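S.K.:
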Amino acid sequence: MFMCGMTLRRGAPFEADFVGSLIHGRTSGSFQSWRPKEDMQRDVFLGIFIGWLSWLFDPGLIAQGVGAAILNGGMGILLGILLLFANVLVAGLTILILRFIASWGGPFSNIFGRVGADTFARFMGLVLLPISLWATINGILTLMSIGVF
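Letter by letter, the sequence shown follows residues 24 to 172 of this note's numbering.
1) Please name the residue in Gly74, Gly88, Gly128 and Asn95 whose C-alpha comes closest to that of leucine 151.
2) Are the region 39-52 and the region 60-75 touching by the rule of at least three beta carbon pairs closer than 8 angstroms?
3) Please report the distance separating the alpha-carbon of leucine 166 from that of glycine 148.
4) On a CA-only basis, which of Ala158, Ile71 and Val89 is nearest glycine 115? Give me that one, please.
5) Identify, in the order they occur along the chain, each residue of the same chain with its Cβ nearer than 7 angstroms to the Cβ of leucine 102, setting aside the five sequence neighbours on each side.
6) To the nearest angstrom, how far is it from the Cα of methionine 98 to the Cα of valine 111?
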């Protein structure tokens, strides 16, 4: 809920700005002059957004897909790390595919992308805030029903 609220308020969560700046700062000078820091931060935010949607689609993706493998013992730790890396890689490839499809519009998609980036981010915060509120309340009620609270 916090990330959705910050996205609605600021246009991006703090984590996306921090990680995007960190990644951009570690790239070569020619890459930094070609690609602005704001674009890198936007790409990280899109990755976080894909993570939110994949968690909503399959909440057990990380817990069962990665966590269960890690808890299996020796080789499970290696397999869990590989599965986590694979999940991050698939999210990154999804962003690359979406950016490639968006590039088909040529200069028009570039204009609309720059103008609408902040509005789109705030809209995603607005859309995901009630969903995250629902998921939080659902989780609390489930924990109450099994006697945790």
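Beta carbons are placed, not taken as given, at the ideal position from N, Cα and C, and that holds for glycine. Owing to the predicted nature of the structure, the values given are computational and were not obtained by experimental measurement.
M.R.: Concretely, from the data shown:
1) Gly74
2) yes
3) 26 angstroms
4) Ile71
5) Ala92
6) 20 angstroms
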